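K.L.:
Can you keep this structure in mind? I'll have questions shortly.
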Amino acid sequence: MIVCVCNNVNVATIEASIEMGATTVDAVREDTGAASCCGKCQFQVNRLVQDTLAENSCLQQATS
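Straight run, no breaks: the sequence shown in the working numbering ends on number 240.
The structure is reproduced here in structure tokens:
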């Protein structure tokens, strides 16, 4: 699913950026270009960052 229409950035690209260490919208923006144009997708990018980080944290706790 496309998250950032302006720069054609999809969910998988944003999740990959987070998996590679991006922990903020600014870091995802720098890596992918998402949320760097009109800003309409910034809320969704932030939500993906928070949800993915929370999910990764839960997975790490479950395997510890």
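The C-beta atom is built at its ideal place from N, Cα and C for all residues, glycine as well.
None of the values given here were measured: they were computed from a predicted structure.
What runs of the alpha helix (DSSP H), each 4 residues or longer, lie entirely inside the segment 190 to 238?
P.N.:
Those alpha helix (DSSP H) runs which fall completely within the segment 190 to 238 and span 4+ residues are 201 to 208.
K.L.:
Just the Cα atoms here: how many angstroms apart are ASN232 and GLN218?
P.N.:
As a working note, residue 232 is residue 56 in the sequence shown. As a working note, residue 218 is residue 42 in the sequence shown. Near 21 Å, if we compare the C-alpha coordinates of GLN218 and ASN232.
K.L.:
Does VAL185 come out as helix, strand or coil in the three-state DSSP assignment?
P.N.:
Within the sequence shown, the letter at position 9 stands for residue 185. In the structure shown, VAL185 sits in a strand (DSSP, three-state: E or B).
K.L.:
Using a Cβ-Cβ cutoff of less than 7 Å, which residues in the same chain neighbour THR228 once the five nearest sequence positions on both sides are dropped?
P.N.:
As a position in the sequence shown, residue 228 is number 52, starting the count at 1. Result list for THR228: GLU191, ILE194, in chain order.
K.L.:
Candidates ASN183, CYS234, ARG223, LYS216: which alpha carbon is nearest GLU206's?
P.N.:
Mapped onto the sequence shown, residue 206 falls at position 30. Residue ASN183 is the option with its Cα nearest to GLU206.
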